[in-house]
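Inspection log for the structure reproduced underneath, given as structure tokens.
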Amino acid sequence: MFNFKENISLAVNGLRSNKMRALLTMLGIIIGISSVITIVTVGDSMTKSITDVFNDMGANSVQLYITDRPDENGNTNWSRPYQEEDYISDEMIDQFLEAFGDRVACWAVSESVGYGQALNGHNKAEARIQGVNANALGINNIDIIAGHDLNEREVSGEKSVAVISDKFVEDLFPGLPIHEALGKEIKLQLSQGTYTFAVVGVYQYEVSGMAAMMGAGSVTTNIFIPMGVAKDMSRDTDGVTTVYDGYYMMQIKGNEKVTDSKAFTEEIDNYFNNKLYRHNKYVMVRTESMDSMIGQMTSSLDMIKLAISIIAAISLLVGGIGVMNIMLVSVTERTREIGTRKALGAKNIAIRIQFIVESMIICLFGGVIGVILGTTFGRLGSTLLGAPGWPSVSIVLIAVGFSMGIGVFFGYYPANKAAKLDPIEALRYE
Amino acid sequence: MTMSDTKMTVAGQSTAARRLIIDMKGIVKRFYIGQPNELEILKGIDLQVYKGEFVSIVGASGSGKSTLMNIIGALDRPTLGSYQLDGVPMGEVPDDMLSEIRNFKIGFVFQTFNLIPRTSALSNVELPMLYAGVPRAQRTARAKELLRQVEMVDRMKHQPNELSGGQKQRVAIARAMANDPAIILADEPTGALDSSTGRLVMDLFHRLHREQGKTIVLITHNPELAEETERIITISDGQIIGTKKGGGARV
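Quick mapping for you: the protein sequence lines, in order, are chains A and B.
FYI, the numbering for the first sequence is 1 to 430, going by this note's numbering.
FYI, the numbering for the second sequence is 1001 to 1251, going by this note's numbering.
As structure tokens, then:
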């Protein structure tokens, strides 16, 4: 009855006969749809890669770090350097573990010593030297593939041992099987001197989405050494800067007894601030759970997505108005044709459908071109950001459906105008 | 619906029981009703056209013949008077049914051809059948047959801008016959053609009338063309001022 097939071929013929006009008409739709697809593709792949990184760190992870305590006016004294008693001390950690020990799977403190390099003939490997406590690596889901993580004995005894990455092994000893790296001595050159470590463990270096994003191909990996050794190395730097025994930051990972990571985080926060740091006027502890950090990251991503989506929506609106304008021109141009059709027996609804279909086809073409462009840009953008992704099928269907919806919405008024033309007037139209 | 019964009566052309196709009584058409510039274009027209007749309506411009044509063609309604088209009392047909009446009962042929641009001759002829809901295969077959009758079948894939004026008008006539209407209503069909192509078009009308018994109403201001028809109705100032037999009248 509604002759969709004929209407479609008629609309396509019309578009073909006036390609430039059709393209200009579609432009708004193309820009709108392609930017939506691009943004959603890039945004989704970024959200995914960020969530992956944080999930690697563990959902029950809590980070705490010291920060200035605001005074009664809410001001913080930025100029005051941290003192010995401000840092998280070993005693504090012991007290904390006594209180929370049954719920802590592992915990980690770290001290960054700086960058160094090891040489072996022509081979060179670069590393960031980090002092850690015993059995700390599991907290960041670092997989030991040979040997073992630093143990209590090595850490408390401040042995010159190190856990290095497979990448480091590959750079320093090309072709050497990983397990043969165990027991090897490596000489690390730092600005303050050269230190020798025996390799006790090798971990697998993973290029995560984030790391890749911030510089793919970087070969500077972490070397983990006992905390005491690291502190001593830091003290070697200049002999002027005071290096305290405490820690600025601590990571805690709850075990399976922790069911509510938010409550766990609050409890830790409460314990540190109301007990351990209660009498410290200047410094307090801030806690952050992985959940809240993921939330922060994704919500800021969502904001960006929303902002660009609004721009895309405006573009689609403008595009839709453009389509309406062209449809009105088309109705006027084809007044006589409309009159003829009516004289030949076309019902009003047939005319209305003809023009709505035409408007829909314009928008559909625009939408399809937009999807193709958006997929291309989205693929390009997400690849550049290190997390290649494709737009989801649902977003493509929504985009195409939405563009057709625009066609119907903005085509309705011109189509209705055409349908209501008086056939006598229309036939007489020059 | 009406196609079948008109078809049945095509053959039965007897002078004895002639069937009325157009039956107009006291048709008045006024414009701007109730306003100071109210205008009476038709002032009481009585017109009867019988099945199988070839009638011409002649009149100067402004005589009201276009208005009369619009009313005959169900494009417009009279202000007063009764009009029965092929037995259908038009006064009782609701507005939204008028398009169906035009679709099934009327075949329009326009001075300016009015073929749908960018659409093949075949599709143009199919159009009234499309609106009538005739299945594709059937309407394509009929459109080809009609184009064969007007000797345009070899050009059926051509678009209007690839056809000459005479060819366009022949396609238009084929289109007018698509739903086998009760009347073919031709408004100055040769007006835009030179005399020789106009002649061909007129010959085509004569042939359709003679061979297929089509009822044709020709609206023209050209007395020579009118003379070829069976009956000439002259209209002036909204009234019929004379009816006479034309040269094409059968004895």
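The C-beta atom is built at its ideal place from N, Cα and C for all residues, glycine as well.
Query, Result
"What does the alpha-carbon distance come out to for the pair Pro423 (chain A) and Ser1099 (chain B)?", "10 Å"
"Residues of the region 388–421 of chain A with a CB closer than 8 Å to any CB of chain E: list them in chain order, please.", "Absence of chain E from the displayed structure is noted, the protein chains being A and B."
"By Cβ distance, which residues of its chain are closer than 7 Å to Gly1073 (chain B), with the 5 residues on each side in sequence left out?", "Arg1102, Ile1106, Phe1108, Leu1185"
"In chain B, which residues lie less than 7 Å from Gly378 (chain A) when you measure between Cβ atoms?", "Those do not exist, as Gly378 (chain A) stays about 37 Å from chain B at its closest Cβ, beyond 7 Å."
"Straight-line CA distance for Val199 (chain A) to Ala146 (chain A)?", "10 Å"
"What does Lys347 (chain A) reach in chain B if we use C-beta pairs closer than 8 Å?", "Asp1096, Ser1099, Glu1100, Tyr1131"
"Output the boundary residues of the alpha helix (DSSP H) element that contains Glu154 (chain A).", "152–156"
"Apart from the five residues just before and just after Val258 (chain A), which ones in its own chain have a Cβ nearer than 6 Å to its Cβ?", "Asn60, Arg103, Phe264"
"Would you kindly work out how many angstroms separate the C-alpha atoms of Ser165 (chain A) and Glu158 (chain A), rounded to a whole number?", "20 Å"
"Per the DSSP calculation, Leu328 (chain A) is bridged to which residue(s)?", "Answer is none; Leu328 (chain A) lacks a bridge partner."
"For Leu1075 (chain B), go through chain A and note every residue whose CB falls closer than 7 Å to its CB, in chain order.", "Ala343, Pro423, Ile424"
"Could you tell me whether the Cβ of Ala350 (chain A) comes closer than 8 Å to any Cβ of chain B?", "yes"
"Hey, out of B:Thr1079, B:Arg1019, B:Gly1062, whose CA is closest to Phe1031 (chain B)'s CA?", "B:Thr1079"
"Taking the continuous beta strand (DSSP E) assigned at Leu1020 (chain B), which residues delimit it?", "1020–1031"
"For Asn197 (chain A) and Asp236 (chain A), I'd like the C-alpha separation in whole angstroms.", "Position check: residue 197 (chain A) holds Phe in this sequence, whereas Asn was assumed. Answer to the nearest angstrom: the Cα atoms are 17 Å apart."
"Within 10 angstroms of the Cβ of Ser383 (chain A), are there 16 or more other Cβ atoms? Answer buried if so, exposed if not.", "Note that residue 383 (chain A) is Thr in the sequence shown, not Ser. With fewer than 16 other Cβ atoms within 10 Å, it is exposed."
"Any beta carbon from chain A within less than 8 Å of Thr1215 (chain B)'s own beta carbon?", "no"
"Can you say whether Pro1089 (chain B) is buried or exposed, counting buried as having 16 or more other CB atoms within 10 angstroms of its CB?", "exposed"
"Note down, one range per segment and in chain order, each alpha helix (DSSP H) of at least 4 residues found wholly within the region 308–367 of chain A.", "335–343"
"List, in order along the chain, the chain A residues whose C-beta lies closer than 9 Å to that of Leu1208 (chain B)?", "Per Cβ cutoff of 9 Å: no residues; Leu1208 (chain B) is ~18 Å from chain A at best."
"Which residues of chain B have a Cβ atom closer than 7 Å to the Cβ of Thr340 (chain A), listed in chain order?", "Asn1114, Ile1116"
"Please name the residue in A:Asn222, A:Ser403, A:Val323 whose C-alpha comes closest to that of Arg21 (chain A).", "A:Val323"
"Could you check the C-alpha separation between Asn280 (chain A) and Leu182 (chain A) for me, to the nearest Å?", "45 Å"
"Mind checking whether Gly1059 (chain B) and His1209 (chain B) have CB atoms under 8 Å apart?", "no"
"When burial is assigned at 16 or more other CB atoms within 10 Å of the CB, is Asp1187 (chain B) buried or exposed?", "buried"
"Alpha carbon to alpha carbon, what distance is there between Ile398 (chain A) and Asp68 (chain A)?", "49 Å"
"What does Glu6 (chain A) reach in chain B if we use C-beta pairs closer than 7 Å?", "Leu1130"
"Using 8 Å as the limit for Cβ to Cβ distance, is Leu1042 (chain B) near chain A?", "no"
"For the 8 Å Cβ check, are there 3 or more pairs between the region 368–378 of chain A and the region 23–37 of chain A?", "yes"
"Indicate whether at least one CB of chain B lies closer than 8 Å to the CB of Arg21 (chain A).", "no"
"Pop quiz: Pro1075 (chain B) and Ala419 (chain A) are said to be a contact at Cβ under 8 Å. What is the actual Cβ separation, rounded to whole angstroms?", "As written in the sequence, residue 1075 (chain B) is Leu, which differs from the Pro given in the question. Going by Cβ atoms, the distance from Leu1075 (chain B) to Ala419 (chain A) rounds to 16 Å, so no, they are not a contact pair."
"Assign Lys262 (chain A) to buried or exposed, taking buried as 16 or more other Cβ atoms, counted over all protein chains shown, within 10 Å of its Cβ.", "exposed"
"Please give me, in chain order, every unbroken run of the beta strand (DSSP E) with length at least 3 that falls completely inside the region 1140–1220 of chain B.", "1183–1187, 1216–1220"
"Arg1019 (chain B) to Pro1181 (chain B), Cα distance in whole Å?", "15 Å"
"Does the distance from the CB of Tyr244 (chain A) to the CB of Tyr65 (chain A) come in under 8 Å?", "no"
"Which of the three DSSP states, helix, strand or coil, is assigned to Asn140 (chain A)?", "helix"
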